[in-house]
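So the sequence shown is numbered by numbering that gives the first Met the number 0: it starts at 0 and just counts up by one.
Idealized CB from N, CA, C, for every residue including glycine.
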Amino acid sequence: MPSRELCVYCRRREAVDEYRPFCSERCKMADLGRWLSGDYRVPGQPAAGPEGPDDQDDAPDSTGRGH
C-alpha cells in the first residue's frame, strides 16, 4: 500500500500533483510568503556585505580621486 504524502505546509491533507509537495495553492502561496518574509532561512555562513569587485571602481585611488 503506497504511503500518503502529506502537504509539507499544513500536514493535514494529502499533497496534490498540481501543487506537489503542497495540497493547494493556498498552502503553496503561504509557504512562499514565509520564505519572502525571512521566516525560513538556509543554514550556513552569513552572506558577505555588498562589497565586491564592482564597488572597488568608485573607491578613491592613491591620489584621492575616484576612477
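Can you have a look at residue i and say buried or exposed, based on whether 16 or more other CB atoms are within 10 angstroms of its CB?
i, result
"Tyr-8", "buried"
Rounding to the nearest angstrom, what Cα-Cα distance links residue i and residue j in this structure?
i, j, result
"Asp-38", "Leu-31", "10 Å"
"Cys-22", "Gly-43", "30 Å"
"Glu-50", "Ser-36", "24 Å"
"Ser-2", "Cys-26", "21 Å"
Can you name the residues that DSSP bridges to residue i?
i, result
"Leu-5", "Glu-13"
Do residue j and residue i have their beta-carbon atoms positioned less than 8 Å apart in this structure?
i, j, result
"Glu-13", "Glu-4", "yes"
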